[in-house]
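Residues 1 to 285 (full-length UniProt numbering) make up the sequence shown, in order.
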Amino acid sequence: MLTQHGVKIAPSTYYDARGRGPSPREVSDERWEPIILATWEKQRKVLGARKLWLRLRRDGHDIARCTVERLMRDLGIAGVVRGRRKRPIDTDLRETRPADLVDRHFARFRTNQLWVADFTYVWTWSGWVYVAFVFDAHSRRILGWRAATSMTTPLVLDCLDMALWTRRREGVLGFAGLTHHTDAGSVYTSIAFTDRLVDEGIDPSVGSVGDAYDNSLAESQIGLYKSELIHHAGPWRDVDQVEAATASWVLWFNTERTHRSIDDLTPLEVEQLDYAHTEPVEKAG
Numbered sequence: 001m002l003t004q005h006g007v008k009i010a011p012s013t014y015y016d017a018r019g020r021g022p023s024p025r026e027v028s029d030e031r032w033e034p035i036i037l038a039t040w041e042k043q044r045k046v047l048g049a050r051k052l053w054l055r056l057r058r059d060g061h062d063i064a065r066c067t068v069e070r071l072m073r074d075l076g077i078a079g080v081v082r083g084r085r086k087r088p089i090d091t092d093l094r095e096t097r098p099a100d101l102v103d104r105h106f107a108r109f110r111t112n113q114l115w116v117a118d119f120t121y122v123w124t125w126s127g128w129v130y131v132a133f134v135f136d137a138h139s140r141r142i143l144g145w146r147a148a149t150s151m152t153t154p155l156v157l158d159c160l161d162m163a164l165w166t167r168r169r170e171g172v173l174g175f176a177g178l179t180h181h182t183d184a185g186s187v188y189t190s191i192a193f194t195d196r197l198v199d200e201g202i203d204p205s206v207g208s209v210g211d212a213y214d215n216s217l218a219e220s221q222i223g224l225y226k227s228e229l230i231h232h233a234g235p236w237r238d239v240d241q242v243e244a245a246t247a248s249w250v251l252w253f254n255t256e257r258t259h260r261s262i263d264d265l266t267p268l269e270v271e272q273l274d275y276a277h278t279e280p281v282e283k284a285g
């Protein structure tokens, strides 16, 4: 018999192909596609193939990374990509600032050795919203954050107070030996902010003026926030909407999002492992 393209084939070959069921790969793809899509959506639609594959493995799914990559392409889904947007400029005069105690060396071997802090700008229909963060450099965990409609010292002080409260709630009794590092923004070099650090026994550190890498770890972390939440889920109405969404994202970031820089663990998992190695057995559990 002839096909529609004029190619001769045996009738038995034609009917055999017509009656053949889906291939094992097609059956497998049909099974995996809804699982991949549901997991990607649950993880805020921001994970790329590698992180989605790791999440699937964590959830007990024995799937190859190449399969995840192929099916993500077939489904038309992808992870978010970082980008930059214009932001307002902090033009306030700088106070006398602390020395740079970090000098771009952000790697630490345990929690509560180095905190890094920075803030970012979010455009909303109601005007600019400023969101400040404090991160633990070892675990990458967000310890404190705050959103406000003005870029002032109280914004970063409230953020610092949340970080201190977070650690005290977990049993930290003092902060001797901890360094708090920021860039040279005026809100971080203000006398009120520096005095607050000193009162807590924390060593203040401020990066060099004009050094693009003086606070690169905090900037990288905030870059994830902008890519995975702000640019991905906007536009935003006002500070209340940004605040509610940030609270949800921070919880997910600390407890579910894995990071290549910390061996594909979550920030909370890194700290649990750290405490298990450094605390007495009775306290660490």
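Glycine is no exception: its CB is placed at the ideal position from the N, C-alpha and C atoms.
Boundaries of the alpha helix (DSSP H) around R168: 153-169. Considering only L143, L47, V242, A176, the residue with the shortest C-alpha distance to D203 is A176. Each of E271, S227, A117 was checked against the Cα of A78, and the nearest Cα belongs to S227.
Per DSSP, I142 is not a residue of any alpha helix (DSSP H); the beta strand (DSSP E) it occupies stretches across 142-148. For the pair T179 and L143, the CB atoms are not nearer than the 7 Å cut-off. In the three-state reduction of the DSSP assignment, F109 falls in the coil class, being assigned neither a helical nor a strand state.
In this structure, T194 and D118 do not form a Cβ contact; the two beta carbons are roughly 16 Å apart against a cut-off of 8 Å. Here the alpha carbons of D74 and D136 stand approximately 38 Å from one another.
The DSSP-derived three-state label of F135 is strand.
In the structure shown, A117 falls within a strand segment according to DSSP collapsed to helix, strand and coil.
By the criterion of a C-beta distance shorter than 8 Å, R146 is surrounded in its chain by V131, A132, L155, V156, D158, C159, M162, once the five residues flanking it on both sides are discounted. Its Cα nearest to that of L56, the residue T39 stands out among T67, T39, E69, V46. D100 sits in coil when the DSSP states are folded into three classes, being neither helix nor strand.
Excluding residues up to 5 positions away in sequence, R65, V68 lie with their Cβ nearer than 6 Å to the Cβ of W53 in the same chain. Taking the Cα of L164 as reference, the smallest distance to any Cα among W115, G60, W252, I230 is reached at W115. Scanning its chain for C-beta atoms nearer than 7 Å, with the 5 sequence neighbours on each side dropped, one finds around L47 the residues W40, R55, G79, in chain order.
Here DSSP, grouped into helix, strand and coil, assigns P204 to strand.
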